[in-house]
Amino acid sequence: MFELTDQPIDFAALRTRLARPDAGACVVFEGWVRNHHAGKPVSRLEYEAFDELARLEGEAITSEAEQEHPGCTVLCVHRTGSLGIGELAVWIGVVSPHRHAAFLACRQVIEEIKRRLPVWKKEHHSGNLAEWVNCTTESVAGRLAPENYYARQASLPEVGAAGQVRLAEASVLVVGAGGLGCPAALYLATSGVGRLTLADAGKVEVSNLHRQILFTADDVGAAKATVAAARLRAQNPLVKIEAHASDVTPANVRALVTGRTAVLDCTDNFATRFLLHDACRAAGVPLVSAAVYRFEGELNVFAPHQTGCLHCLWAGKPALSLETAANCDGGPVFAPTVGLLGVMQAAETLKLILGLSTPADLTSTRLVNLLDASTQSLERPADPTCPVCSKVVTSSAAEDGSFSLNTLNDSVVLTAEQVVDLGPVQTIALLEPGETLDAASAPANTMAIAMADLGRLREVAAKGPTVLTCRHGLRSVALARLLRAEGRPNIHALAGALSAIRPGR
Amino acid sequence: MTASRQLHIKFFAVLREQAGVSTLAVTTSARTPAELYAELAATRGLTLPVALLRVAINDRYATMDTPLSPGDRVVFIPPVAGG
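Protein chains in written order, with the working numbering: chain A, 7 to 511; chain B, 1224 to 1306.
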């Protein structure tokens, strides 16, 4: 639960509200007003929030944390108005049966509050000087400039700024947070895949630690998906990481895969593999699948319109016999084998998103053997009797092996070049208090609107294609998504910061 | 009497362990992968039923009744599901 208040926060009363007989842990975070900021003395603070948006976003943040950390109850209160030194600006309390989940959830809430909550603060310095500070720039994510984080990757000619935007727009589901899923998800997160969901119902076991590299000894007993998500958020706060700490089933698989840019099969059984494969085909989503046996592994990318599918390989063979044959030896694992195959899954997924996949990538099984460092590619021809893919009418794009992801994504974030391709648009510079627009250096036809004036923004956006910009390039994306969620498909955000916006004094 | 032919065989995963080797050159009168696997199962102690396996000939998946030619490279692949 999230609340905004202009009254002093009564933390004793809040703590009482969280009391639960089954709770064994209560983790509390308090954000205090301090007497200095960025090397300057501060005498008091004023917080101003855009009420409607702040309450919605705050509620979203606390309920996300409760969903991702089952058993946790979260209460967060944020102050507005004038605060003196030492006063409570934000209070977060999390209770849970066990401490581990409560620590993770509390940390997640304060970082998301800092990153997403539309709150501005005015710092009063001695001598009546005052300046507005956007709180998001104080979050961990706000301090990281994407152009620095991805500098060594975006400078690859095969990636570039446009590739980085494609990655940021991508949504990837990783099923299985084990030996394959840990390294796969790690590289997808650090490469800037904008939305990453980890699905795994399991809990961390001691015998997982030698190969499942997102987990530490402290995590034993905690939900894999939740711990892995927290670890990835710390690794790259610039991307959205979600945890689905339950099984993928016939009942939920469609909702999980629909709309994804790609899905990774990092599971250890044929039943889930077939379930994912068929759901991905139906939803038009490519599936990047891997499996290992001791020192050997295999990798398959199944593009949704391609023949030579999972059924061509293994259909007609009884599922139970496949499981028995595949697991006949009780499961010893050479850790680098799952590491290598998981990293290969990440590489194939990034190639799909960036348009770098070769026709052979989508029509071959790659075999790897770490004992003799050999690799082999086997072409997967269509089985003309395949009950699944033989009925597919192949398009010309599928026949030449080039599979385009463009049709799957309706881009929110656009580069300047992509904006030009849109034709005439209304560009809006969203200004925070104190900021000004230098019209001479702004794109033609740029209109300045106060960030908090959602009504005016909706009014302008209703007239036609609209591109939002702001000084840091973060809030504009958040507002574009908010307006899209209201059913306005013509709204976009410009990738990156708009230098024509001048900061306040 | 069928002429014998030389083939290059590769085993993957559990078949490699059962066979004790990764690759093998054999001279055989087997006409198809199914016949070849039956021979190898007997001589090498392979326990998986042929119905559960996939085969590739010359870097392309094939069926167990595909005719074999001299010099073919044959890979036997069991189901693998570790993750």
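Virtual Cβ for every residue (Gly too), placed ideally from N, Cα, C. All of these numbers come straight from a predicted model, not from anything done at the bench.
Nearest-angstrom beta carbon gap, residue j and residue i [assumed within contact, 8 Å]
{"i": "His216 (chain A)", "j": "Ala29 (chain A)", "result": "The Cβ separation is near 34 Å, so there is no contact."}
{"i": "Phe301 (chain A)", "j": "Leu384 (chain A)", "result": "Not really, about 18 Å apart at Cβ, beyond 8 Å."}
{"i": "Val5 (chain A)", "j": "Val425 (chain A)", "result": "What the structure shows of chain A is the stretch from 7 to 511, and residue 5 (chain A) is not part of that stretch, so it cannot be assessed."}
{"i": "Leu20 (chain A)", "j": "Gly99 (chain A)", "result": "6 Å"}
{"i": "Leu356 (chain A)", "j": "Val374 (chain A)", "result": "The pair is not a contact, with the Cβ atoms about 18 Å apart (cut-off 8 Å)."}
{"i": "Val298 (chain A)", "j": "Val245 (chain A)", "result": "Between Val245 (chain A) and Val298 (chain A) the Cβ distance is about 27 Å, and since that is not below 8 Å, they are no contact."}
Under 9 Å by beta carbon: chain B residues contacting residue i
{"i": "Arg386 (chain A)", "result": "Arg1283, Tyr1284"}
{"i": "Gly345 (chain A)", "result": "Simply none; closest approach about 12 Å."}
Between the CA atoms of residue j and residue i - distance to the nearest angstrom
{"i": "Arg1296 (chain B)", "j": "Pro1256 (chain B)", "result": "11 Å"}
{"i": "Gly502 (chain A)", "j": "Thr475 (chain A)", "result": "8 Å"}
{"i": "Val349 (chain A)", "j": "Val263 (chain A)", "result": "21 Å"}
{"i": "Ala95 (chain A)", "j": "Arg50 (chain A)", "result": "11 Å"}
{"i": "Ala296 (chain A)", "j": "Pro47 (chain A)", "result": "56 Å"}
{"i": "Thr371 (chain A)", "j": "Arg386 (chain A)", "result": "7 Å"}
{"i": "Leu204 (chain A)", "j": "Ala71 (chain A)", "result": "15 Å"}
{"i": "Gly1 (chain A)", "j": "Glu175 (chain A)", "result": "Residue 1 (chain A) is absent from the structure shown; chain A starts at 7 and stops at 511."}
{"i": "Ala499 (chain A)", "j": "Leu420 (chain A)", "result": "6 Å"}
{"i": "Glu93 (chain A)", "j": "Phe35 (chain A)", "result": "14 Å"}
{"i": "Ala207 (chain A)", "j": "Tyr1284 (chain B)", "result": "34 Å"}
{"i": "Glu405 (chain A)", "j": "Ala288 (chain A)", "result": "In this prediction, Glu405 (chain A) scores a pLDDT of 36, lower than 50, which makes its location untrustworthy; no coordinate-derived value is stated."}
{"i": "Asp274 (chain A)", "j": "Ala183 (chain A)", "result": "11 Å"}
{"i": "Leu428 (chain A)", "j": "Leu220 (chain A)", "result": "41 Å"}
{"i": "Glu354 (chain A)", "j": "Leu319 (chain A)", "result": "20 Å"}
{"i": "Arg158 (chain A)", "j": "Ser327 (chain A)", "result": "47 Å"}
{"i": "His84 (chain A)", "j": "Thr343 (chain A)", "result": "48 Å"}
{"i": "Ala468 (chain A)", "j": "Ala231 (chain A)", "result": "40 Å"}
{"i": "Pro365 (chain A)", "j": "Asp1282 (chain B)", "result": "16 Å"}
{"i": "Leu238 (chain A)", "j": "Thr391 (chain A)", "result": "43 Å"}
{"i": "Arg149 (chain A)", "j": "Pro27 (chain A)", "result": "40 Å"}
{"i": "Ser447 (chain A)", "j": "Thr86 (chain A)", "result": "35 Å"}
{"i": "Ala168 (chain A)", "j": "Ser161 (chain A)", "result": "11 Å"}
{"i": "Ile497 (chain A)", "j": "Gln170 (chain A)", "result": "20 Å"}
{"i": "Glu423 (chain A)", "j": "Leu443 (chain A)", "result": "22 Å"}
8 Å Cβ cutoff met for residue i and residue j
{"i": "Gly1306 (chain B)", "j": "Gly337 (chain A)", "result": "no"}
{"i": "Ala55 (chain A)", "j": "Leu10 (chain A)", "result": "yes"}
{"i": "Val394 (chain A)", "j": "Arg490 (chain A)", "result": "no"}
{"i": "Tyr193 (chain A)", "j": "Ala60 (chain A)", "result": "no"}
{"i": "Gln432 (chain A)", "j": "Val466 (chain A)", "result": "yes"}
{"i": "Arg260 (chain A)", "j": "Asp271 (chain A)", "result": "no"}
{"i": "Met517 (chain A)", "j": "Arg481 (chain A)", "result": "No statement about residue 517 (chain A) is possible, as the shown extent of chain A runs from 7 to 511 and does not include it."}
{"i": "Ser1227 (chain B)", "j": "Thr1250 (chain B)", "result": "yes"}
{"i": "Ala268 (chain A)", "j": "Ala249 (chain A)", "result": "no"}
{"i": "Leu436 (chain A)", "j": "Leu485 (chain A)", "result": "yes"}
{"i": "Leu81 (chain A)", "j": "Leu24 (chain A)", "result": "yes"}
{"i": "Ala229 (chain A)", "j": "Ala251 (chain A)", "result": "yes"}
{"i": "Lys1233 (chain B)", "j": "Val1298 (chain B)", "result": "yes"}
{"i": "Thr196 (chain A)", "j": "Gln241 (chain A)", "result": "yes"}
{"i": "Thr68 (chain A)", "j": "Phe8 (chain A)", "result": "yes"}
{"i": "Ala285 (chain A)", "j": "Leu368 (chain A)", "result": "no"}
{"i": "Ser88 (chain A)", "j": "Ala31 (chain A)", "result": "no"}
{"i": "Pro1207 (chain B)", "j": "Arg1254 (chain B)", "result": "The structure shown does not extend to residue 1207 (chain B), since chain B is modelled only from 1224 through 1306, so no value can be given for it."}
{"i": "Leu293 (chain A)", "j": "Val254 (chain A)", "result": "no"}
{"i": "Leu360 (chain A)", "j": "Arg172 (chain A)", "result": "yes"}
{"i": "Glu52 (chain A)", "j": "Lys128 (chain A)", "result": "yes"}
{"i": "Gln1241 (chain B)", "j": "Thr1266 (chain B)", "result": "no"}
{"i": "Ala44 (chain A)", "j": "His75 (chain A)", "result": "no"}
{"i": "Ile91 (chain A)", "j": "Arg40 (chain A)", "result": "yes"}
{"i": "Trp97 (chain A)", "j": "Pro439 (chain A)", "result": "no"}
Interface residues of chain B facing residue i [CB-CB closer than 7 Å]
{"i": "Leu328 (chain A)", "result": "Leu1275, Pro1302"}
{"i": "Gly185 (chain A)", "result": "Gly1306"}
{"i": "Ser383 (chain A)", "result": "Asp1282"}
{"i": "Glu378 (chain A)", "result": "For the record, residue 378 (chain A) in the displayed sequence is Asp; it is not Glu. Per Cβ cutoff of 7 Å: Ser1245."}
{"i": "Lys323 (chain A)", "result": "Ala1274, Leu1275"}
{"i": "Gly208 (chain A)", "result": "Here the premise fails: no neighbours, minimum Cβ distance about 11 Å."}
{"i": "Gly182 (chain A)", "result": "Gly1306"}
Within chain A, partners of residue i - CB distance below 9 Å
{"i": "Val1298 (chain B)", "result": "Leu373, Gln382, Leu384"}
Cross-chain neighbours of residue i in chain B, by beta carbon under 8 Å
{"i": "Lys128 (chain A)", "result": "Result: empty, since nearest Cβ-Cβ is about 52 Å, beyond 8 Å."}
{"i": "His319 (chain A)", "result": "The sequence given here places Leu at residue 319 (chain A); His does not occur at that position. Arg1277, Tyr1284, listed in chain order."}
{"i": "Val339 (chain A)", "result": "Gly1305"}
Neighbour list for residue i in chain A, Cβ cutoff strictly below 7 Å
{"i": "Ala1279 (chain B)", "result": "Leu384"}
- Query: Name the residues in the stretch 260-287 of chain A whose C-beta lies less than 9 Å from a C-beta of chain B; which are they?
  - Reply: Asp271, Cys272, Thr273, Asp274, Asn275, Phe276, Arg279
- Can you give me, in chain order, the residues of the stretch 297-310 of chain A that have a beta carbon less than 8 Å from any beta carbon in chain B? Ala297, Val298, Tyr299, Arg300, Glu302, Gly303, Glu304
- Cβ-based contacts, 8 Å cut-off: residues of the stretch 468-493 of chain A near chain B: none
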